[in-house]
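Participant: Numbering (our numbering), first residue to last: 1165 to 1516.
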DNA sequence: GACACGTGGCG
DNA sequence: TCGCCAAGTGT
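1) Find the nearest neighbour of residue 1363 within the set 1300, 1373, 1386, 1514, judged by alpha-carbon distance.
2) In the DSSP assignment, find the unbroken beta strand (DSSP E) run with residue 1406 in it and report its ends.
3) For the putative contact between residue 1343 and residue 1171, defined by C-beta atoms under 8 Å, what is the C-beta separation to the nearest angstrom?
4) Hey, out of 1375, 1447, 1433, 1453, whose CA is closest to residue 1411's CA?
5) Run through DSSP, which three-state label would residue 1392 get?
6) Can we say the segment 1352-1359 touches the segment 1416-1426, given the rule of at least three CB pairs closer than 8 Å?
7) Would you kindly report the start and end of the unbroken alpha helix (DSSP H) that includes residue 1228?
8) Report the rounded CA-to-CA distance for residue 1361 versus residue 1169, giving the unit in angstroms.
9) Going straight from the alpha carbon of residue 1175 to that of residue 1187, what length do you get?
10) Hey, which unbroken runs of the beta strand (DSSP E) at 3 residues or more fall wholly within the segment 1348-1386?
11) Can you give me the start and stop residues for the alpha helix (DSSP H) that residue 1177 sits inside?
12) Would you kindly work out how many angstroms separate the C-alpha atoms of residue 1463 and residue 1244, rounded to a whole number?
13) How about residue 1190 and residue 1199: do their beta carbons lie closer than 7 Å?
14) In angstroms with no decimal places, state the Cα-to-Cα distance between residue 1324 and residue 1294.
15) Do residue 1255 and residue 1429 have their C-beta atoms closer together than 7 Å?
16) Determine, using beta-carbon pairs with one atom in the segment 1219-1230 and one in the segment 1470-1484, whether at least three such pairs fall under 8 Å.
17) Keeping to the same chain, check which residues put their C-beta closer than 8 Å to that of residue 1447; ignore five residues upstream and five downstream.
18) Please state the DSSP three-state secondary structure of residue 1311.
19) Can you check whether the CB of residue 1449 is closer than 7 Å to the CB of residue 1486?
20) Around the C-beta of residue 1308, are 16 or more other C-beta atoms found within 10 angstroms, so that it is buried, or is it exposed?
21) On the premise that residue 1273 lies in contact with residue 1233, defined as a C-beta separation below 8 Å, what is that separation, rounded to the nearest angstrom?
22) Using the rule of at least 16 other Cβ atoms within 10 Å of the residue's Cβ for burial, across every protein chain shown, is residue 1383 buried or exposed?
23) Would you kindly check if the distance between the Cβ of residue 1246 and the Cβ of residue 1236 is under 7 Å?
24) Once the 5 residues before and after residue 1278 are set aside, which same chain residues still bring their CB inside 6 Å of it?
25) Taking 7 Å as the threshold (C-beta atoms), are residue 1379 and residue 1321 in contact?
26) Could you tell me which of 1283, 1311, 1437 sits nearest to residue 1304, measuring between CA atoms?
27) When the Cα of residue 1512 is compared with those of 1492, 1457, 1496, 1495, which residue comes out closest?
28) Spatial neighbours of residue 1433 within its chain, please: CB distance less than 7 Å, with the 5 preceding and 5 following residues excluded, ordered by chain position.
29) Name the DSSP beta bridge partners of residue 1456, please?
30) Have a look at residue 1252 and residue 1438 and give me their C-alpha separation to the nearest angstrom.
31) From this set, 1328, 1241, 1346, 1392, which residue's C-alpha is nearest residue 1196's C-alpha?
32) Can you pull the DSSP bridge partners for residue 1470?
33) If contacts are defined as beta-carbon pairs under 8 Å, then residue 1390 and residue 1330 qualify, I think. What distance do you get, rounded to the angstrom?
34) What distance in whole Å lies between the Cβ atoms of residue 1250 and residue 1230, which are believed to be in contact at a cut-off of 8 Å?
35) Can you tell me which residues form a DSSP beta bridge with residue 1419?
So, in structure tokens, the structure goes:
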């Protein structure tokens, strides 16, 4: 019989191997009584949803330097926050981030609620994030289940039920292990273990503090867990983007509607993006001009489809009025304000 | 439960 | 080149 896995063993490992992350109060600082700033924990958790630590770091530093408190963020104009988020993806997070900041600023005086059930009501805060904020920011024992925890639990118990059906089972395993002591450190410890040792591919079982408790290690099945439902293949869609530059250098852009793909983000006016199997999308240039097609196409893959974007450019006079979008002068616009697919279209038009 | 929702890195 | 994967949430 294997030893049962023990939270204390993992905490001991975490004391020696905790990663140094910009939003983290490490175990030694925590032991001295230094508490995390709930604003920074919340912000980092929203940014980390479905996103790698490496991708988040620079954005986190940028956001916290520019908006050090939830009140500062709540007071920021929508366009500035969306532009600052550009490139991170899942833009509904940025819209909900602002909504949430304004709720906290206006309804609770800029103080984050410590109550898990209140946290759950905040925009963009779901079961994982509410539990993570409770545990990490407030050191309340909550069961924190993210992709890392699912993977670690599936392996510890050699659970072969595919996700997402396995979720309740894995959550129960996680609940049984969650300690009352040091819940904040523990939550981060499991996630660190999943990110650095119990990785999706080629797990480093030889270094794992829970190895002797791990059923998948005993059975040699760790690398194939957790099982997942098969993915559907992505269809290919096509569209046209119109990049109009006014003679003074201003670019014609529009803010996309809040709902749907790239909602709330700046983008080039363009056609709908339709499946290549069907008819080509109707062309409707946003301004009367001599449009020239740029050679090649901007290719981009979203979560559920591939896009091939044809790019057309035009130079237009000062007095010409667009029927879509607005001209934005250069000091007020940087290509880095654009979501990646739109930046790719820009780069293609610039000959890059 | 299923699907929409981004992006960059890695093998 | 291509599929997989990352500290999920909202509908």
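No residue lacks a Cβ here, since even glycine has one placed at the ideal position from N, Cα and C.
Facilitator: So, from the data block:
1) Considering only 1300, 1373, 1386, 1514, the residue with the shortest C-alpha distance to residue 1363 is 1386.
2) Run containing residue 1406: 1400-1410, per the beta strand (DSSP E) assignment.
3) About 4 Å separates the beta carbons of residue 1343 and residue 1171, which is inside the 8 Å limit, making them a contact pair.
4) By alpha-carbon distance to residue 1411, the top candidate from 1375, 1447, 1433, 1453 is 1453.
5) Reduced to three states, the DSSP call for residue 1392 is strand.
6) No, because fewer than three Cβ pairs between the segment 1352-1359 and the segment 1416-1426 fall closer than 8 Å, the two stretches do not touch.
7) First-last of the alpha helix (DSSP H) with residue 1228: 1217-1230.
8) Taking the straight line joining both Cα atoms gives about 16 Å.
9) When rounded, the distance between both Cα atoms is 19 Å.
10) For the segment 1348-1386, there is no continuous beta strand (DSSP E) assignment of 3+ residues that stays within its boundaries.
11) Here the alpha helix (DSSP H) through residue 1177 covers 1171-1181.
12) Their backbone Cα atoms lie some 27 Å apart in a straight line.
13) Residue 1199 is positioned such that its CB atom lies no closer than 7 Å to that of residue 1190.
14) About 28 Å.
15) Residue 1429 is positioned such that its CB atom lies closer than 7 Å to that of residue 1255.
16) Fewer than three Cβ pairs drawn from the segment 1219-1230 and the segment 1470-1484 lie within less than 8 Å of each other, which leaves the two stretches out of contact.
17) So the list reads 1404, 1435, once near-sequence residues are dropped.
18) Helix at residue 1311.
19) The answer is no: Cβ separation not under 7 Å.
20) Counting Cβ neighbours within 10 Å, residue 1308 comes out buried, since at least 16 surround it.
21) That belief does not hold up - the Cβ atoms of residue 1233 and residue 1273 are roughly 12 Å apart, past 8 Å.
22) Residue 1383 should be labelled exposed.
23) No, these two residues do not count as a Cβ contact at 7 Å.
24) Once the five neighbours on either side are set aside, the close Cβ partners of residue 1278 are 1302.
25) Yes. Within cutoff.
26) Distances from the alpha-carbon of residue 1304 to those of 1283, 1311, 1437 put 1283 closest.
27) Considering only alpha carbons, the answer is 1457.
28) For residue 1433, where only same-chain residues beyond five positions count, the Cβ hits under 7 Å are 1406, 1416, 1418, 1450, 1488, 1489.
29) 1477.
30) Rounded to the nearest angstrom, the gap between the Cα atoms of residue 1252 and residue 1438 is 24 Å.
31) Comparing Cα-Cα distances from residue 1196 to each of 1328, 1241, 1346, 1392, the minimum goes to 1346.
32) Per DSSP, 1400, 1465.
33) Right, their Cβ atoms sit about 6 Å apart.
34) Actually they do not touch by this definition, with Cβ atoms about 14 Å apart.
35) The bridge partners DSSP lists for residue 1419 are 1430.
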